[in-house]
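A.B. asks:
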Amino acid sequence: MERPLLVYTTFPDADVALVVGEALVRLRLAACVNVLPGMRSVYAWKGAVERADEVVALIKSRESLAEPLAAALKARHPYETPIVLHLPVAGADPDTAAWIAAETGGDQAPFSG
C-alpha cells in the first residue's frame with residue numbers, strides 16, 4: 009500500500025483554510041484537512057521580521073499526490089509564497105492508510121456539489 013503523506017501549510021484564517029481544504033478533499037487530493045486556529049507566527053519576509061495571526065492546516069494525502077496536491081494548494085492559496093512542506097510518514101495504522109488511499113483514489117470521480 010502506498011505511504012501516506014502529511015502536508016503542512018498555514019493560512020491567514022480558518023475560513024480561508026476550510027474553503028481551500030474542502031476543495032482539496034472534493035478533488036480527492038486529500039482525505040482530510042485539519043485546521044488548527046490560534047497560531048501566532050514570527051517570520052522573516054522580504055528583509056523584515058513580521059508577526060501575524062494564522063492557522064495551521066495539516067493535509068492527509070498520499071505520496072504520489074504530492075505534486076498535484078501542492079499545485080492545487082498553491083493555485084488556491086491567498087499568500088504570495090505559501091508554505092508547503094511535505095512531511096513523509098514513517099508508519100501508519102493500516103486502517104488509517106487504507107482510508108487515506110480509498111478517499112484519494114485516482115479511479116474515483118471528484119465529489120460533486
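In the working numbering, the protein residues as written are 9 to 121. C-beta: ideal position from N, C-alpha, C; glycine also. These numbers were taken from a predicted model, which means no experiment stands behind them.
(1) With a 10 Å radius around its C-beta and 16 neighbouring C-beta atoms as the bar for buried, classify Pro12 as buried or exposed.
(2) Give the secondary structure of Val57 by DSSP, where H, G and I count as helix, E and B as strand, and everything else as coil.
(3) Identify, in the order they occur along the chain, each residue of the same chain with its Cβ nearer than 6 Å to the Cβ of Val28, setting aside the five sequence neighbours on each side.
(4) Assign Thr104 to buried or exposed, taking buried as 16 or more other Cβ atoms, counted over all protein chains shown, within 10 Å of its Cβ.
(5) Over the uninterrupted beta strand (DSSP E) stretch that includes Val15, give me the two end residues.
(6) Going by beta-carbon coordinates alone, are Val92 and Val41 separated by less than 8 Å?
(7) Under the three-state reduction of DSSP, which class applies to Ile67: helix, strand or coil?
(8) Exposed or buried, Lys68, counting other C-beta atoms within 10 Å across all chains shown (16 or more means buried)?
C.D. replies: Let me spell this out:
(1) buried
(2) strand
(3) Arg84
(4) exposed
(5) 12-19
(6) no
(7) strand
(8) buried
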